[in-house]
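S.K.:
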Amino acid sequence: MKWSEQFYAWREGDGCPSCADGRPDETPWGVRFFAGAVSDAYLVRADVQRGLSMVIWRGRHIVEPTELSDVEAAAYGREVLTVGRALQDAFAPVKLNYNVLGNSVPHLHTHIVPRHADDPRPGWPFPFPDPEPGPMSQARLAQEVALLRGALGRDRRPPLIR
Ligand SMILES: [Zn+2]
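In our numbering, the protein residues as written are 15 to 176.
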């Protein structure tokens with residue numbers, strides 16, 4: 015097996031779909047519920063797992079988090095955690111998983127996967143179904159986006175030092 019020619023091109027930023035997106039409110043695969051200083055977070059439309067979200071770095075084209083400066087890494091990390099807290103508030107998962115993969119779209123992003131009590135594989139990495147299930151209903155999508163936006167409005171950050 016080999017990585018595709020397209021993957022190598024995207025990795026260099028040539029035709030990268032995340033860079034081409036700009037910062038849309040909606041994409042074919044997700045609805046934005048958080049617009050930060052350096053990232054956007056989207057609730058995934060596909061009915062894979064309640065609250066499955068993606069945080070996308072919106073600075074220059076970057077593949078690996080190691081390419082971020084210290085200031086950028088702190089900003090990105092803070093925003094990923096802000097989204098994580100909103101997911102905890104909205105869905106009360108048993109556990110949250112933060113996956114930095116980028117094996118299909120090599121532009122820095124983080125999948126945040128809530129793991130629920132009725133999870134498909136407790137104790138193990140989340141088994142993403144292949145093929146991906148269809149989208150959740152528009153009503154449920156709107157309800158969950160509203161839940162997440164509400165959660166973002168409540169500041170759950172712990173104090174700086176304790
Ligand atoms: Zn890119």
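C-beta: ideal position from N, C-alpha, C; glycine also.
#1: Which residue marks the beginning of the alpha helix (DSSP H) containing P31, and which one marks its end?
#2: Kindly indicate which residue of F142, R64 and S118 has the alpha-carbon position closest to the one of Q20.
#3: According to DSSP, what are the bridge partners of P149?
#4: Work out the CA separation of L122 and D54 for me, nearest whole Å.
#5: Assign G29 to one of two classes, buried (16 or more other C-beta atoms within 10 Å of its C-beta) or exposed (fewer than that).
#6: Pull up the distance between the alpha-carbon of E81 and that of H75, whole angstroms please.
#7: If distances are taken between C-alpha atoms only, which option among L66, R46, V62 and Q63 comes closest to R72?
#8: Between Y90 and V52, how many whole angstroms is the CB-CB distance? I'm expecting something under 8 Å.
#9: Work out the CA separation of E93 and D35 for me, nearest whole Å.
#10: How would you call W164, buried or exposed, if buried means at least 16 neighbouring beta carbons within 10 angstroms?
M.R.: Once the coordinates are examined:
#1: To locate residue 31, count along the sequence shown from 1; it is residue 17. P31 -> alpha helix (DSSP H) spans P31 to D35.
#2: Here residue 20 is taken as the residue at index 6 of the sequence shown, counted from 1. It is S118.
#3: Here the question's residue 149 lines up with position 135 in the sequence shown. P149 pairs with A60.
#4: Taking the first residue of the sequence shown as 1, we reach residue 54 at position 40. Taking the first residue of the sequence shown as 1, we reach residue 122 at position 108. Those two C-alpha atoms are separated by around 12 Å.
#5: Residue mapping note: residue 29 aligns to position 15 of the sequence shown, counting from 1. Classification of G29: exposed, given that the 10 Å Cβ count is below 16.
#6: To locate residue 81, count along the sequence shown from 1; it is residue 67. To locate residue 75, count along the sequence shown from 1; it is residue 61. E81 and H75 have their C-alpha atoms roughly 10 Å apart.
#7: Counting from 1 along the sequence shown, the entry for residue 72 is found at position 58. Nearest option by C-alpha distance: R46.
#8: In the sequence shown, residue 90 corresponds to position 76, counting from 1. In the sequence shown, residue 52 corresponds to position 38, counting from 1. Right, their Cβ atoms sit about 5 Å apart.
#9: Numbered from 1 along the sequence shown, position 21 holds the residue referred to as residue 35. Numbered from 1 along the sequence shown, position 79 holds the residue referred to as residue 93. Cα-Cα distance, rounded: 19 Å.
#10: Here the question's residue 164 lines up with position 150 in the sequence shown. According to the sequence displayed, residue 164 carries Gly and not Trp. Under this definition G164 is an exposed residue.
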